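Read the structure below first, then the notes.
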Amino acid sequence: MSFNPPQSIGPYVPPNIIIPDDWEEAQLILTDYFIKNAQATNAREIAQYQDASLNAAGENISSTVTGQLWFTPGDPNKFRYGSRTVIDFGALPNAGTTSVAHGINVTANTVFTRIYGTATDPSTSFIPLPFVDTAGNNIEINVDATNVNVITTADYTGYTTSYVVLEWVENVV
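Position in the sequence shown counted from 1, then plus 63, gives you this note's numbering.
As structure tokens, this is what we get:
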């Protein structure tokens, strides 16, 4: 069995630092510590899930930059930030499709990286979205340029609270 120190799997800031009495040496150690701290902080994902707020034109004005850095196709040294928004979907449909506007300005450069969610039947049941049921009563999620669409094959109206999370990046042209 091998052991890898925390800094080998990502940016890591040691919790303790020893500062020497010599000011010049202390400056070097503090500068290095602050750089490591900034790099480690910037490499973390921001866990803020903002409900999609749409303006009068139907544009999403509440997406969050996630802190995720995504590669750029064709240039592995250039990164893009991911964005996230949450759609408060309400109750799931009864064997049908419900569509809710997401307000994201989808272009040919928009690439969705994650589409997921949960649904709650108050106090009794909690299921992931999408959902695959062995009896074939599945729930599908898909996204188009305007809406998030949830498609059910059975009556899931008892699930009165559901959220769909969308994460995406924009390809640089």
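Backbone N, C-alpha and C fix where the C-beta goes; we use that ideal spot for every residue, glycine too. It should be emphasised that the depicted structure is a prediction, and the values quoted were computed from it without experimental measurement.
Asked                                                                                                             : Found
Coarse secondary structure for TYR96, derived from DSSP in three states                                           : helix
For ALA119, the nearest candidate out of ALA164, PHE152, PRO136, ILE150 (CA to CA)                                : ALA164
Short Cβ contact (8 Å threshold) for ALA182 with VAL149                                                           : no
ASN168 to TYR96 span [Cα, whole Å]                                                                                : 40 Å
Close-in-space but distant-in-sequence residues of the same chain around ASN79 (CB under 6 Å, 5 per side omitted) : none
Neighbour-count burial assignment, ARG147, 16 or more Cβ in a 10 Å radius                                         : buried
ASP184 vs GLY221 beta-carbon contact at 8 Å                                                                       : yes
ASN123 vs LEU132 beta-carbon contact at 8 Å                                                                       : no
Buried versus exposed, by CB contacts within 10 Å (16 or more), PRO139                                            : exposed
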